[in-house]
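In what follows, a structure is listed as structure tokens, so that the remarks can point back to it.
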Amino acid sequence: MPLQKNQLLTLRIERLSSDGSGVAHSPEGEAVFVPGTAPGDEAQVRIVKDCGRYAFGILDKLLTPSPDRIPVDCAVAGPCGGCSLRHMDYAAELRAKQESVADAFRRIGGLDVPVLDALPSPEVDRYRNKVQFPVGRDKNGAPCIGFYAGRTHRIVPCPDCRLQPGVLNDIGNALCSFFAAHGIQPYDEESGKGLVRHIFLRRGTHSGQIMVCLVCTRPKLPHSEELVAALREQFSDIASVLINVNAKKTNVILGEETVSLYGPGYIEDTLCGVPVRLGPLSFYQVNTLAAERLYGIAAEYAQLEPSDVLLDLYCGMGTIGLSMAGRCRELIGVEIVPEAIDSAKANAARMGDAVAAKSRFFCADAGQAAARLAAEGLRPDVIMLDPPRKGCDETTLSAVVQMSPRRVVYVSCNPSTAARDAAWLEEHGYHAEKVQPVDLFPRTRHCEVVSCYTKTM
1 MPLQKNQLLT
11 LRIERLSSDG
21 SGVAHSPEGE
31 AVFVPGTAPG
41 DEAQVRIVKD
51 CGRYAFGILD
61 KLLTPSPDRI
71 PVDCAVAGPC
81 GGCSLRHMDY
91 AAELRAKQES
101 VADAFRRIGG
111 LDVPVLDALP
121 SPEVDRYRNK
131 VQFPVGRDKN
141 GAPCIGFYAG
151 RTHRIVPCPD
161 CRLQPGVLND
171 IGNALCSFFA
181 AHGIQPYDEE
191 SGKGLVRHIF
201 LRRGTHSGQI
211 MVCLVCTRPK
221 LPHSEELVAA
231 LREQFSDIAS
241 VLINVNAKKT
251 NVILGEETVS
261 LYGPGYIEDT
271 LCGVPVRLGP
281 LSFYQVNTLA
291 AERLYGIAAE
301 YAQLEPSDVL
311 LDLYCGMGTI
321 GLSMAGRCRE
331 LIGVEIVPEA
341 IDSAKANAAR
351 MGDAVAAKSR
361 FFCADAGQAA
371 ARLAAEGLRP
381 DVIMLDPPRK
391 GCDETTLSAV
401 VQMSPRRVVY
411 VSCNPSTAAR
421 DAAWLEEHGY
431 HAEKVQPVDL
441 FPRTRHCEVV
451 SCYTKTM
């Protein structure tokens with residue numbers, strides 16, 4: 001018998017799903033997904049939607065809390081939805097992430113591969129080096145920063161997000177105070193009126209340098225010189241202040257035009273010893289210290305030798321490949337974003353002549369580039385894959401197999417597609433050795449994964 005909307009059930013939460021919801025089963029065996037719950041919770045759950053084989057519910061009343069529950073230390077954690085696991089002890093969060101990755105490789109990949117314990121982030125709070133605050137109005141009509149409530153564009157005011165360094169929250173609040181004092185209007189999506197859409201901030205974890213970028217509907221900001229002076233006086237680490245222009249009715253945050261109000265237009269930092277310059281459009285891991293741990297695992301799994309050729313597909317700004325350049329004879333990086341390739345070349349040059357001489361980067365689709373390199377007879381010893389969430393397409397994987405590297409290392413932000421691609425590699429001559437979850441996003445459902453493969457044919 002199907003479950004009914006608003007039906008109340010007493011359920012025990014068994015595990016977390018890949019989206020961070022608790023999973024329970026009705027008396028009839030139907031899976032019920034319940035956000036904001038923890039494995040071990042005994043709860044009264046209200047059904048909100050039955051989809052046949054599974055249903056969605058909300059926590060109506062917590063009857064017996066899980067031993068893994070902790071007090072939620074953010075007043076807006078529920079409506080904001082960014083920290084979907086803030087109600088769980090961090091050790092339990094890591095166990096849940098390991099179990100989720102293991103489930104993906106077993107269920108989607110069909111593989112019996114060792115999935116190691118998830119590596120913790122060095123910092124559990126205040127770890128993000130980037131924040132994109134939508135700008136709206138609080139209940140009194142004053143400009144405020146916050147985040148969109150789940151599946152909406154309603155801004156939940158959040159003056160102190162615990163995922164961001166305190167100084168970035170302080171800058172966001174200072175900017176809102178300046179907007180209020182000078183009559184600078186937040187953008188209103190419904191009417192299309194207003195000026196400031198988002199506050200985009202970056203902070204170099206090692207350098208401390210800060211970039212302030214205001215996403216506006218036009219390039220002119222009233223009182224801009226006064227704003228720059230006020231920011232520099234209050235926050236001495238600000239190195240660049242920018243306006244990014246986005247006049248379109250779109251969900252995309254950044255526009256194509258950027259105007260500099262102060263500084264060089266970027267900040268500098270290092271990642272695994274690789275010097276980088278970061279502008280508003282640069283892709284960069286948001287948790288620097290955990291990313292360095294992630295790249296360290298990838299380098300360990302690569303088992304590079306001094307005579308090796310390393311091919312880095314989906315190389316981005318080149319950081320992961322360049323962090324290993326000292327261990328190989330030649331590095332080749334491929335990325336589809338032209339600005340990222342320009343950054344990769346510049347990063348290699350800043351590392352010195354020896355690294356620049358052994359590194360080459362070119363702009364192309366990873367699959368097409370891999371196929372072309374395979375047709376040209378390139379025989380890399382190790383291939384590094386770091387695709388977007390959708391994973392690799394078959395063209396890329398086929399070219400990887402055709403190039404016949406000794407080892408393949410796969411870095412992924414999506415365990416499901418990583419598991420799918422692992423199954424493909426297993427079927428085409430590569431054996432999955434092990435899988436290492438690495439937590440780059442504490443208090444959220446997301447988890448990075450590094451897996452490695454050895455040639456068997």
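Mapped onto UniProt numbering, the consecutive letters of the sequence shown carry residue numbers 1 to 457.
The beta-carbon is built from N, C-alpha and C at its ideal position, and this holds for glycine as well.
Predicted model only: the values in this text are computed from it and were never measured.
What does the alpha-carbon distance come out to for the pair residue i and residue j?
i	j	result
Leu311	Arg15	38 Å
Asp308	Ala302	10 Å
Val45	Ile70	20 Å
Thr258	Leu281	10 Å
Tyr266	Ser240	6 Å
Asp19	Arg445	6 Å
Lys434	Arg53	33 Å
Gly150	Ala340	31 Å
Gly318	Pro442	25 Å
Ala325	Ser17	38 Å
Ser412	Phe147	26 Å
Val135	Leu214	10 Å
Arg407	Thr64	48 Å
Pro67	Arg95	14 Å
His428	Met403	12 Å
Val276	Pro27	55 Å
Leu9	Cys51	16 Å
Ser451	Lys130	27 Å
residue 482	Tyr410	Here the chain covers residues 1 to 457 and nothing more, so residue 482 does not appear.
Pro264	Cys158	30 Å
Counting only the same chain and skipping the five closest in sequence on each side, list residues whose C-beta sits under 7 Å from that of residue i.
i	result
Arg107	none
Ala291	Leu271, Gln285, Leu440
Leu59	Val34, Gly36, Thr37, Ala43, Val45
Gln234	Ala174
Leu261	Ser224, Val228, Val241, Leu242, Ile243
Asp365	Ile336
Asp103	none
Just to confirm my understanding: we take residue i, look at its own chain, exclude 5 residues before and 5 after, and list those with CB closer than 6 Å. What are they?
i	result
Thr270	His206
Leu231	Ile238
Tyr90	Val124
Val245	Pro219, Gly255, Glu257
Ile13	Gly22, Ala24, Thr37, Pro39, Asp41
Gly204	Ile267, Asp269
Gly172	Phe133, Ile145, Ile199
Glu330	Val309, Lys358
Gln7	Ile47
Met211	Arg202, Ser240, Ile267
Give me, in chain order, the residues of the same chain whose beta-carbon lies closer than 8 Å to that of residue i; leave out the 5 immediate sequence neighbours on both sides.
i	result
Thr395	Gly367, Gln368, Ala370, Ala371
Val337	Phe283, Gly316, Cys363
Leu111	Phe105, Ala419, Ala422, Ala423, Glu426, Ala432
Lys49	Lys5, Ala55, Phe56
Tyr430	Val401, Val408, Tyr453, Thr454, Lys455, Thr456
Phe179	Val135, Pro143, Gln185, Pro186, Val196
Roughly how far, in whole angstroms, is the beta-carbon of residue i from the beta-carbon of residue j, given that I think they are within contact range, below 8 Å?
i	j	result
Lys61	Ala38	With 8 Å as the limit, Lys61 and Ala38 do not qualify as a contact, their Cβ atoms being about 15 Å apart.
Leu322	Ala348	6 Å
Arg202	Leu278	6 Å
Gly192	Lys249	6 Å
Leu304	Val382	6 Å
What residue does the beta strand (DSSP E) around residue i start on, and which one ends it?
i	result
Lys434	430 to 438
Val252	Counting along the chain, Val252 falls outside any beta strand (DSSP E), and DSSP gives it neither H nor E.
residue 495	Residue 495 is absent from the structure shown; the chain starts at 1 and stops at 457.
Tyr453	448 to 455
Tyr284	Note, Tyr284: premise wrong, no beta strand (DSSP E); not H, not E.
Pro157	155 to 157
Leu214	210 to 216
Ser121	Where Ser121 is concerned, there is no enclosing beta strand (DSSP E), given that its DSSP letter is neither H nor E.
Ala12	The sequence given here has Arg at residue 12, not Ala. Here the beta strand (DSSP E) through Arg12 covers 8 to 12.
Leu271	267 to 271
Arg203	196 to 203
Less than 8 Å between the beta carbons of residue i and residue j, yes or no?
i	j	result
Asp386	Ala118	no
Asp125	Arg162	yes
Pro437	Gln209	no
Met384	Ala298	yes
Arg86	Asn287	no
Ala374	Ala344	no
Cys392	Pro415	no
Val274	Met351	yes
Val156	Val76	yes
Would you give the residue range spanned by the alpha helix (DSSP H) that residue i belongs to?
i	result
Cys80	77 to 80
Glu233	224 to 234
Cys176	166 to 182
Pro415	415 to 427
Gln368	366 to 375
Leu94	90 to 107
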